[in-house]
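First residue of the sequence shown? That's 410 in the working numbering, and the numbers climb one at a time after it.
Virtual Cβ for every residue (Gly too), placed ideally from N, Cα, C.
As C-alpha coordinates, the structure follows; a few thoughts come after it.
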Amino acid sequence: MEITNVSHIQSAQHIQGSHRSPVEKSAAETASPTLSQRDSISFSEESLRLSNIANTNAESPRIRFDLVNRIKAEIAAGTYDTPEKMDIAVERLASRIF
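Written as C-alpha coordinates, this is what we have:
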(Lines of atoms letter the chains of each structure in order from A and count residues from 1; the text may use other names and numbers.)
(Lines give C-alpha, C1' and ligand atoms only; values in the text may rest on other atoms or scores of the structure.)
Protein backbone atom coordinates (compact mmCIF):
# COMPACT_ATOMS: atom_id res chain seq x y z
CA MET A 1 0.00 0.00 0.00
CA GLU A 2 1.24 3.44 -0.82
CA ILE A 3 -0.01 6.61 0.89
CA THR A 4 0.31 9.83 -1.08
CA ASN A 5 -0.78 13.43 -0.67
CA VAL A 6 -0.62 13.29 3.14
CA SER A 7 -0.76 17.08 3.48
CA HIS A 8 -4.36 17.15 2.27
CA ILE A 9 -7.03 15.03 3.94
CA GLN A 10 -10.31 14.61 2.16
CA SER A 11 -13.68 14.14 3.83
CA ALA A 12 -15.08 10.67 4.41
CA GLN A 13 -16.59 9.03 1.38
CA HIS A 14 -19.07 6.20 1.01
CA ILE A 15 -17.48 2.80 0.47
CA GLN A 16 -19.21 0.51 -1.99
CA GLY A 17 -18.82 -3.21 -2.29
CA SER A 18 -17.10 -4.70 -5.27
CA HIS A 19 -19.15 -5.13 -8.39
CA ARG A 20 -18.82 -8.12 -10.63
CA SER A 21 -20.53 -8.89 -13.83
CA PRO A 22 -22.36 -12.23 -13.95
CA VAL A 23 -19.55 -13.60 -16.12
CA GLU A 24 -16.94 -12.86 -13.42
CA LYS A 25 -18.70 -14.85 -10.69
CA SER A 26 -16.88 -17.94 -9.66
CA ALA A 27 -18.36 -21.42 -9.96
CA ALA A 28 -18.65 -21.60 -6.15
CA GLU A 29 -20.85 -18.50 -6.11
CA THR A 30 -23.21 -19.75 -8.80
CA ALA A 31 -23.48 -23.41 -7.81
CA SER A 32 -26.23 -24.41 -5.39
CA PRO A 33 -24.86 -25.62 -2.05
CA THR A 34 -24.77 -29.32 -1.38
CA LEU A 35 -25.74 -30.83 1.96
CA SER A 36 -22.16 -30.66 3.18
CA GLN A 37 -21.90 -26.96 2.26
CA ARG A 38 -25.04 -25.74 4.05
CA ASP A 39 -24.78 -23.98 7.38
CA SER A 40 -26.08 -25.85 10.37
CA ILE A 41 -26.36 -25.32 14.10
CA SER A 42 -26.85 -27.62 17.05
CA PHE A 43 -27.47 -26.90 20.71
CA SER A 44 -26.26 -28.85 23.69
CA GLU A 45 -28.79 -30.37 26.06
CA GLU A 46 -27.63 -27.92 28.74
CA SER A 47 -28.33 -24.89 26.53
CA LEU A 48 -31.79 -26.26 25.67
CA ARG A 49 -32.51 -26.80 29.36
CA LEU A 50 -31.46 -23.23 30.19
CA SER A 51 -33.58 -21.90 27.33
CA ASN A 52 -36.61 -23.76 28.67
CA ILE A 53 -36.00 -22.28 32.14
CA ALA A 54 -35.72 -18.78 30.68
CA ASN A 55 -38.94 -19.23 28.71
CA THR A 56 -40.79 -20.53 31.77
CA ASN A 57 -39.63 -17.54 33.82
CA ALA A 58 -40.66 -15.13 31.09
CA GLU A 59 -44.18 -16.60 31.02
CA SER A 60 -44.70 -16.53 34.79
CA PRO A 61 -45.58 -13.35 36.66
CA ARG A 62 -42.45 -11.58 37.82
CA ILE A 63 -44.00 -9.73 40.76
CA ARG A 64 -45.97 -11.62 43.37
CA PHE A 65 -48.27 -8.81 44.46
CA ASP A 66 -49.93 -10.87 47.20
CA LEU A 67 -46.55 -11.42 48.86
CA VAL A 68 -45.53 -7.77 48.40
CA ASN A 69 -48.77 -6.54 49.96
CA ARG A 70 -48.44 -8.96 52.89
CA ILE A 71 -44.86 -7.81 53.60
CA LYS A 72 -45.89 -4.16 53.34
CA ALA A 73 -48.65 -4.75 55.88
CA GLU A 74 -46.25 -6.56 58.25
CA ILE A 75 -43.71 -3.72 57.99
CA ALA A 76 -46.42 -1.13 58.65
CA ALA A 77 -47.62 -3.13 61.69
CA GLY A 78 -44.06 -3.57 62.97
CA THR A 79 -44.25 -7.38 62.85
CA TYR A 80 -42.02 -8.07 59.86
CA ASP A 81 -38.64 -7.92 61.62
CA THR A 82 -38.47 -10.64 64.25
CA PRO A 83 -35.47 -11.90 66.25
CA GLU A 84 -35.74 -15.25 64.44
CA LYS A 85 -35.56 -13.60 61.00
CA MET A 86 -32.58 -11.51 62.12
CA ASP A 87 -30.76 -14.62 63.38
CA ILE A 88 -31.32 -16.37 60.05
CA ALA A 89 -30.13 -13.32 58.12
CA VAL A 90 -26.97 -12.99 60.25
CA GLU A 91 -26.19 -16.72 59.85
CA ARG A 92 -26.61 -16.53 56.06
CA LEU A 93 -24.44 -13.44 55.86
CA ALA A 94 -21.74 -15.00 58.04
CA SER A 95 -21.73 -18.19 55.93
CA ARG A 96 -21.12 -16.12 52.78
CA ILE A 97 -18.35 -14.08 54.35
CA PHE A 98 -16.48 -16.84 56.16
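Can you give the Cα-Cα distance for residue i and residue j, rounded to whole angstroms?
| i | j | result |
| --- | --- | --- |
| Ile506 | Ile450 | 43 Å |
| Asn461 | Leu476 | 26 Å |
| Met495 | Ala463 | 32 Å |
| Asn478 | Ala498 | 21 Å |
Grab me the residues of residue i's own chain with a C-beta within less than 7 Å of its C-beta, minus the 5 sequence neighbours each way, in chain order.
| i | result |
| --- | --- |
| Tyr489 | Ile480, Glu483 |
| Glu493 | none |
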